[in-house]
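*Asks:* Under my numbering, the first residue of the sequence shown is numbered 28, with each subsequent residue one higher.
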Amino acid sequence: MSSSASGVPVLPDTIAAVATAVAPGQGGIAVIRLSGPMAQRVVRTITVFPGSQEWLSHRVLYGHVVAADGHERLDEVLVLVMLAPRSFTAEDVVEIHCHGGVIAVQRVMARVLEQPGVRRALPGEFSQRAVLNGRLDLTRAEAITDLVSARSQRAAQLAMAGLDGGIQRRVVALRERLLDQLSELEARVDFEDDLPPLDGRALLEELQEVRATLLELVADGARGAALRTGLRVALVGRPNVGKSSLLNRLSRRERAIVADLPGTTRDLLESEIVLEGVPITLLDTAGIRATTDEVEQLGIARSHDALASADLVLLLFDLAAGWTVEDQALYEQIPGAVPRLLVGNKLDLTNSAAEGAPSSPALDVRLSAQTGDGEPALVQALLAQCGSLSEQPLLIALNQRQSDLAARAAEALQRSEEVAAQGLPWDFWTIDLRQAIQSLGEITGEELTEAVLDRIFSRFCIGK
Numbered sequence: 028m029s030s031s032a033s034g035v036p037v038l039p040d041t042i043a044a045v046a047t048a049v050a051p052g053q054g055g056i057a058v059i060r061l062s063g064p065m066a067q068r069v070v071r072t073i074t075v076f077p078g079s080q081e082w083l084s085h086r087v088l089y090g091h092v093v094a095a096d097g098h099e100r101l102d103e104v105l106v107l108v109m110l111a112p113r114s115f116t117a118e119d120v121v122e123i124h125c126h127g128g129v130i131a132v133q134r135v136m137a138r139v140l141e142q143p144g145v146r147r148a149l150p151g152e153f154s155q156r157a158v159l160n161g162r163l164d165l166t167r168a169e170a171i172t173d174l175v176s177a178r179s180q181r182a183a184q185l186a187m188a189g190l191d192g193g194i195q196r197r198v199v200a201l202r203e204r205l206l207d208q209l210s211e212l213e214a215r216v217d218f219e220d221d222l223p224p225l226d227g228r229a230l231l232e233e234l235q236e237v238r239a240t241l242l243e244l245v246a247d248g249a250r251g252a253a254l255r256t257g258l259r260v261a262l263v264g265r266p267n268v269g270k271s272s273l274l275n276r277l278s279r280r281e282r283a284i285v286a287d288l289p290g291t292t293r294d295l296l297e298s299e300i301v302l303e304g305v306p307i308t309l310l311d312t313a314g315i316r317a318t319t320d321e322v323e324q325l326g327i328a329r330s331h332d333a334l335a336s337a338d339l340v341l342l343l344f345d346l347a348a349g350w351t352v353e354d355q356a357l358y359e360q361i362p363g364a365v366p367r368l369l370v371g372n373k374l375d376l377t378n379s380a381a382e383g384a385p386s387s388p389a390l391d392v393r394l395s396a397q398t399g400d401g402e403p404a405l406v407q408a409l410l411a412q413c414g415s416l417s418e419q420p421l422l423i424a425l426n427q428r429q430s431d432l433a434a435r436a437a438e439a440l441q442r443s444e445e446v447a448a449q450g451l452p453w454d455f456w457t458i459d460l461r462q463a464i465q466s467l468g469e470i471t472g473e474e475l476t477e478a479v480l481d482r483i484f485s486r487f488c489i490g491k
């Protein structure tokens, strides 16, 4: 890797990718992005620009991408030029804005890849170059992919908080506190006779304060995961207890067929909704019962699979009919590790003052999927499962990788209590403290190898 005159590292090859979604008949505009030392030359070679347009940084030029013969026009385009270091990757970046769809994009992209010195970008490679070139820190780069994949406004807000540097600032501040303590410890190891005594109790308190903050970040990360990925909620119950009616009510549309005939739902139906910023995927399962119908049996088999894969099982039963032996059998089939909500339906057909199911396990919600009575209580119960009802506002949220590293740092700091209790010398304290500092450095990218970076960015979409 060499350096440009501006001091920015220059990677040897130029990469290209379509940076927008491509689908037949969808999207009026598509963007093909190039980054690297050959970006300008490649686009100049394949594009004809009428008049005397100046090729300057942060200018938009108008022209046509032409075929290899130099005559056939493949598409009418706008070209956006961003020269190093004032670009997303801090390298020369050129974007070709062509018409959307499929064919036009494929023809222009093929012309780009025909040029020597350019190759198709790997997933996340633009963002990876931005990190390697010092344009972004790792937490901001990861926030970009969270923003792109956000499924709700609240998830997008959390991603923007990370993109604005909220996670970076919090983690760097904690790491700096630990580095200050490590420097004090190492000074005592080397020059203890020449320095005033170190207060071990104050040191331990400082380390445990950092640990407590890290545990709070881990807990907030779990709440943020629910906002990013949402909950998969399996609606299960005997045939004709109202699963499809409840799916339609929560979806605010007729997603499933509703009929009085048992066994109407033969397959697994999915519907995505957003409740107070939390994306929730509802899985309407086939009613589980003994049947000789082969198609219904396939649906029931998928219902059993949904029980095991769901984040939450909502077991629906008929309040009017009461808790039955079949309901109890279903209740016992729910995997023990999967949280559950027991919901009594058809409140409109029974005495609202009655318990409705005196022999059932603890009832969580009583409602009518037909009239909507009890729906707010059900929504609150669902939100409680993902921790979104906390009184503390969620300002930033670590992703899973970051949360795992923060938890590892907290574990290392926890061990300092054992070291203090045993009265071990200062150099023993430094072992766990260094591990905690390294874990926090892996969050921000200060302590990462290129192999780990490759693994992180491989999860990004191509073009980002």
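By construction, the Cβ of each residue, glycine as well, lies at the ideal position given by its N, Cα and C atoms.
I'd like to confirm the pairing. Which residues does DSSP put opposite His124 in its beta bridges?
*Replies:* The partner list for His124 (beta bridge, DSSP) reads Val58 and Leu105.
*Asks:* Thinking C-beta only, is Leu101 closer than 8 Å to Val108?
*Replies:* No, the Cβ-Cβ distance between Val108 and Leu101 is not below 8 Å.
*Asks:* Could you tell me whether the region 233 to 251 touches the region 193 to 210, where touching means 3 or more Cβ pairs closer than 8 Å?
*Replies:* Segments in contact, yes.
*Asks:* Starting from Val260, trace the beta strand (DSSP E) both ways and give me its first and last residue.
*Replies:* Taken as a continuous stretch (DSSP letters only), the beta strand (DSSP E) holding Val260 covers Leu258 to Gly264.
*Asks:* Let me know the secondary structure DSSP gives Phe455 once reduced to three states.
*Replies:* Phe455 falls in the helix class under three-state DSSP.
*Asks:* Pick out whichever of Ala44, Val158, Gly189 and Asp173 has its Cα sitting closest to the Cα of Val139.
*Replies:* Answer by Cα proximity: Ala44.
*Asks:* Give me the Cα-Cα distance between Thr74 and Leu83, rounded to the nearest whole angstrom.
*Replies:* Rounded to whole angstroms, Thr74 to Leu83 spans 16 Å at the Cα level.
*Asks:* Exposed or buried, Leu343, counting other C-beta atoms within 10 Å across all chains shown (16 or more means buried)?
*Replies:* Buried: at least 16 other Cβ atoms inside 10 Å.
*Asks:* Quick check: Asp40 and Arg146, are their CB atoms within less than 8 Å of each other?
*Replies:* Closer than 8 Å, so yes.
*Asks:* For the region 432 to 451 against the region 257 to 276, do three or more pairs of beta-carbon atoms, one drawn from each stretch, fall closer than 8 Å, so that the two count as touching?
*Replies:* No, the region 432 to 451 does not touch the region 257 to 276.
*Asks:* Taking Cβ positions, are Ala389 and Leu374 nearer each other than 8 Å?
*Replies:* No, they are not a contact pair.
*Asks:* Classify Gln427: buried if its beta carbon has 16 or more other beta carbons within 10 angstroms, exposed otherwise.
*Replies:* Classification for Gln427: exposed.
*Asks:* Taking all protein chains shown into account, decide if Ser379 is buried (16 or more other Cβ within 10 angstroms of its Cβ) or exposed.
*Replies:* Its pLDDT being 49, under 50, Ser379 is placed unreliably by the model, and the measurement read from it follows with that caveat. Looking at its Cβ environment, which holds fewer than 16 other Cβ atoms inside 10 Å, Ser379 is exposed.
*Asks:* Tell me whether Thr116 sits in a helix, a strand or coil according to DSSP, three-state version.
*Replies:* Note: Thr116 maps to coil in three-state DSSP.
*Asks:* Which residue comes first and which comes last in the beta strand (DSSP E) that contains Asp311?
*Replies:* Run containing Asp311: Val305 to Asp311, per the beta strand (DSSP E) assignment.
*Asks:* Can you tell me which residues form a DSSP beta bridge with Val93?
*Replies:* Paired residues: Arg100.
*Asks:* My output table needs one value for Arg393: the three-state DSSP class, helix, strand or coil.
*Replies:* In the structure shown, Arg393 sits in a strand (DSSP, three-state: E or B).
*Asks:* Specify whether the region 191 to 203 and the region 235 to 244 touch according to this definition: at least 3 beta carbon pairs, one from each stretch, less than 8 Å apart.
*Replies:* Taking 8 Å as the limit for Cβ pairs, the verdict is that the region 235 to 244 does touch the region 191 to 203.
*Asks:* Taking all protein chains shown into account, do 16 or more other C-beta atoms lie within 10 angstroms of the C-beta of Leu467, making it buried, or fewer, making it exposed?
*Replies:* By the 10 Å Cβ count, Leu467 comes out buried.
*Asks:* Between the C-alpha atoms of Arg86 and Val132, what's the straight-line distance to the nearest angstrom?
*Replies:* About 22 Å.
*Asks:* Can you tell me where the beta strand (DSSP E) holding Asp345 begins and where it ends?
*Replies:* Its beta strand (DSSP E) spans residues Leu339 to Asp345.
*Asks:* Taking 8 Å as the threshold (C-beta atoms), are Gly472 and Leu190 in contact?
*Replies:* Against a cut-off of 8 Å, the Cβ pair of Gly472 and Leu190 comes out as no contact.
*Asks:* Asn275 lies in the alpha helix (DSSP H); which residues open and close that run?
*Replies:* Lys270 to Ser278 is the extent of the alpha helix (DSSP H) around Asn275.
*Asks:* Apply the 10 Å Cβ neighbour rule to Ile284 and answer buried if 16 or more other Cβ atoms are within range, or exposed otherwise.
*Replies:* Summary for Ile284: the model assigns pLDDT 35, below 50, so the residue's position carries little reliability, and this model does not support an answer.
*Asks:* Less than 8 Å between the CB atoms is what I'm expecting for Leu254 and Ala396, so what's the real figure, rounded?
*Replies:* 26 Å between Cβ atoms; not a contact.
*Asks:* Using a threshold of 8 Å, state whether the C-beta atoms of Asp338 and Arg259 are closer than that.
*Replies:* The answer is yes: Cβ separation under 8 Å.
*Asks:* Have a look at the DSSP bridge pairing and note the partners of Leu368.
*Replies:* Bridge partners of Leu368: Leu341.
*Asks:* Can you tell me which of the three DSSP states Ser154 falls into?
*Replies:* Reduced to three states, the DSSP call for Ser154 is helix.
*Asks:* With a threshold of 7 Å on Cβ separation, who are the neighbours of Leu110 within its own chain once the five nearest residues in sequence on each side are excluded?
*Replies:* The answer, listed in chain order, is Ser84 and Asp119.
*Asks:* Alpha carbon to alpha carbon, what distance is there between Ile423 and Gly192?
*Replies:* Between Gly192 and Ile423, the C-alpha separation is close to 10 Å.
*Asks:* Should Glu141 and Ala95 be called a contact, given that it needs their Cβ atoms to be closer than 8 Å?
*Replies:* Contact: yes.
*Asks:* Per DSSP, which residues does Arg138 bridge with? Please list them.
*Replies:* Answer is none; Arg138 lacks a bridge partner.
*Asks:* In chain order, what residues of the same chain have a beta carbon less than 7 Å from the beta carbon of Val340, not counting five sequence neighbours either side?
*Replies:* Here the set comprises Ala261, Val263, Leu334, Ile361, Val365 and Arg367.
*Asks:* Can you list the alpha helix (DSSP H) stretches of 4 or more residues lying completely in the region 169 to 236, in chain order?
*Replies:* Correct list: 180 to 190 and 193 to 218.
*Asks:* In chain order, what residues of the same chain lie with their CB nearer than 8 Å to the CB of Asp173, ignoring the 5 residues before and after it?
*Replies:* For Asp173, where only same-chain residues beyond five positions count, the Cβ hits under 8 Å are Ala182, Leu185, Ala186, Gly189, Arg255 and Asn426.
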